[in-house]
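Chemist:
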Amino acid sequence: MNIGIVVPYFTPYVRGNEYGLAQGLTRLGHNITIITSTARAPREKAITDKAPQGNKIDFDVRYLPVFIDMGDNPIVSGVKDHIKEQDIVMLQEDYPLICHKAYSAAREYDIPVILSSERTYSPENIAKRYTLKLLDATTNRKLWEGADALTAHCTAAKEFIIEELGVKREITVIHVGVDTDMFRPQQQGRKYLTKGDFRILTVARLHRYKGLEYLVEAMETVRKEIPQVHLYILGKGGEEQNLKSLVNKLQLDDVVTFLTKTVPNYEIPKLYAECDIYVQPSIVEPYGIAVVEAMACGKPVVGTKVGGMRDTVLDKETGFLVEPGNPAELAGRITVLRDDELRREKGARARARVEKEFDWKYIASRYQELIDVIT
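For the sequence shown, my numbering assigns the number 221 to the initial residue and increments by one for each residue that follows.
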């Protein structure tokens, strides 16, 4: 089948959801086309879109020219011409204007549509929030009511779609996957995480949503219990100076390092390999793909009971889940994982869980089941 995956931005070597999904469906024998814009994703990244030597993409990517980017939402031309070539159209979110155009074209050509979403909360920015509310009441509503199948990336997204958007249809939860060949346990020397004997890693945009200030505050307690601890924060964003000021205020400069230089995506597994545990202290979170990547690398995770982490992290099995915004609880769970045997045990369970439930081959097979139903 010819399958078009529509997404406003696409950076192939960062290997996000669309990349993994396209690769997985390609391996099932489908002809995949990513239909996207020439715009860059408006996020502060410390991970570069750089290809390792010899890397190639096994599917087609159509970058459409952008006329204007309205509120981080690119308006493109030529969508219809690319949609009419497809047997199935997969929209990766409800609100991007490129997805609205693709949906209209698919309806015109009587092409089945699968609509997916990872929305779990409303934006903090007032303008974005009310723009979304307007779209939800109009164009987005048309997509939710008219698509042939609906999927959510996690249970929290499904709940948001039902409770906040008022969608009264069947919604299938299909998680975002991970490349378990790329992200795997490995032994190696230290290249990035060179300080400390108990190394904590977090990979996140430096935004208030990510709850990093609570992790920094937790380090006050953790340092007393584990003097050799060191926290590494990989990311960029508007909260960088505030976080650095907090580190300085709490006199934690010797135990917290900010990794703000860009790192090629193919090097990220090495960072996971060098840490002892991974921590994601988010206040809200659509999914949290870094959590799954760390688990795939055999690392136990301390996360919060929000977004996709409610699905990915099994509390007390593959790591721990804590209430968001609670430095004391974070510190307690981090400290428990200083036990080498416990850490290895939970890390092994994390890897096994990802192999079974989050490998892209499995995720692609879930979408194949959906495709079989609607075609």
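C-beta: ideal position from N, C-alpha, C; glycine also. Computed from a predicted structure; not experimentally measured.
Tell me the rounded alpha-carbon separation between E537 and Q306.
Modeler: Numbered from 1 along the sequence shown, position 317 holds the residue referred to as residue 537. Numbered from 1 along the sequence shown, position 86 holds the residue referred to as residue 306. Whole-angstrom Cα-Cα distance: 43 Å.
Chemist: Leaving out five residues before and five after T340 in sequence, what residues of the same chain have Cβ atoms less than 6 Å from its Cβ?
Modeler: In the sequence shown, the residue the question calls residue 340 occupies position 120. Closer than 6 Å at Cβ, skipping near neighbours: A376, A377, F380, P506 and G527.
Chemist: Restricting to Cα atoms, I'd like to know which of W580, G455 and I318 is closest to V286.
Modeler: Translated into positions along the sequence shown, residue 286 becomes position 66. Of W580, G455 and I318, the residue nearest in Cα terms is I318.
Chemist: I need the boundaries of the alpha helix (DSSP H) containing M515, first residue and last residue.
Modeler: The count along the sequence shown starts at 1 and reaches residue 515 at position 295. Here the alpha helix (DSSP H) through M515 covers I509 to A516.
Chemist: Does T524 pass the burial test, meaning 16 or more other C-beta atoms within 10 Å, or should it be called exposed?
Modeler: Against the sequence shown, residue 524 aligns to sequence position 304. Its Cβ being crowded by 16 or more others within 10 Å, T524 is buried.
Chemist: Say whether the segment 321 to 336 touches the segment 552 to 560, bearing in mind that this needs 3 or more beta-carbon pairs closer than 8 Å, one atom from each stretch.
Modeler: Touching, no, given that fewer than three Cβ pairs across the two stretches are closer than 8 Å.
Chemist: Flag this pair as yes or no: are the beta carbons of A369 and L534 separated by less than 8 Å?
Modeler: For the purposes of this step, residue 369 is taken as the residue at position 149 of the sequence shown. For the purposes of this step, residue 534 is taken as the residue at position 314 of the sequence shown. Result no, Cβ atoms of A369 and L534 do not sit closer than 8 Å.
Chemist: Of the residues R410, Q448 and F403, which one's Cα is nearest the Cα of D417?
Modeler: To locate residue 417, count along the sequence shown from 1; it is residue 197. When only C-alpha atoms are compared, the closest one is Q448.
Chemist: The beta strand (DSSP E) spanning R282 covers which residue range?
Modeler: For this step, residue 282 is matched to residue 62 along the sequence shown. Segment D280 to L284, the beta strand (DSSP E) holding R282.
Chemist: If you draw a straight line from the alpha carbon of A514 to that of A424, how long is it in whole angstroms?
Modeler: For this step, residue 514 is matched to residue 294 along the sequence shown. For this step, residue 424 is matched to residue 204 along the sequence shown. Their Cα atoms are separated by approximately 13 Å.
Chemist: With DSSP run on the structure shown, which of helix, strand or coil describes Q408?
Modeler: As a working note, residue 408 is residue 188 in the sequence shown. Residue state, collapsed to three classes: coil.
Chemist: Nearest by alpha-carbon distance to I488: which of G455, L463, G298 and G386 is it?
Modeler: Here residue 488 corresponds to residue number 268 of the sequence shown, with the count starting at 1. Per the Cα distances, G455.
Chemist: How big is the Cα-Cα spacing for R389 and T231?
Modeler: For the purposes of this step, residue 389 is identified with residue 169 of the sequence shown, where counting begins at 1. For the purposes of this step, residue 231 is identified with residue 11 of the sequence shown, where counting begins at 1. Using only the alpha carbons, I get a separation of about 32 Å.
Chemist: Who are the Cβ neighbours of A242 in its own chain at under 7 Å, not counting the five residues just before and after it?
Modeler: Position 22 of the sequence shown holds residue 242. If we look at A242 and ignore the five residues flanking it on each side, its Cβ neighbours are I225, I252, I254 and F279.
Chemist: State the DSSP-derived secondary structure class of V387, mapped to helix, strand or coil.
Modeler: As a working mapping, residue 387 is identified with position 167 in the sequence shown. In this structure, V387 counts as coil in the three-state DSSP scheme.
Chemist: For A551 and V442, what's the separation of their Cα atoms in angstroms?
Modeler: Locating residue 551 in the sequence shown gives position 331, counting from the first residue. Locating residue 442 in the sequence shown gives position 222, counting from the first residue. When rounded, the distance between both Cα atoms is 6 Å.
Chemist: Taking 8 Å as the cut-off, decide whether the C-beta atoms of A372 and S337 are in contact.
Modeler: Translated into positions along the sequence shown, residue 372 becomes position 152. Translated into positions along the sequence shown, residue 337 becomes position 117. A contact, by the Cβ cut-off of 8 Å.
Chemist: Classify P489 as helix, strand or coil using the three-state DSSP reduction.
Modeler: By 1-based counting over the sequence shown, the position of residue 489 is 269. DSSP places P489 in helix when its eight states are reduced to three.
Chemist: Does the beta-carbon distance from L284 to G298 come in below 8 Å?
Modeler: The residue you call residue 284 lines up with position 64 of the sequence shown. The residue you call residue 298 lines up with position 78 of the sequence shown. Yes.
Chemist: Check whether the segment 466 to 481 touches the segment 394 to 402, taking contact to mean three or more Cβ pairs, one atom from each stretch, closer than 8 Å.
Modeler: Verdict: no, contact absent.
Chemist: Within 10 angstroms of the Cβ of Q273, are there 16 or more other Cβ atoms? Answer buried if so, exposed if not.
Modeler: Here residue 273 refers to the residue found at position 53 when the sequence shown is read from its first residue. With a pLDDT of only 47 at Q273, under 50, the local geometry of the prediction cannot be trusted, and the value read off the model is given with reservation. Q273 is exposed by the Cβ-count criterion.
Chemist: Would DSSP call P544 helix, strand or coil?
Modeler: Stepping through the sequence shown from its first residue, residue 544 is reached at position 324. The answer is coil: DSSP assigns P544 none of H, G, I, E or B.
Chemist: Could you give the DSSP three-state label for Y323: helix, strand or coil?
Modeler: Here residue 323 corresponds to residue number 103 of the sequence shown, with the count starting at 1. DSSP places Y323 in helix when its eight states are reduced to three.
Chemist: Check each candidate in V574, R282 and Y486 and name the one with the smallest Cα separation from V521.
Modeler: The residue given as residue 521 occupies position 301 in the sequence shown. Considering only alpha carbons, the answer is V574.
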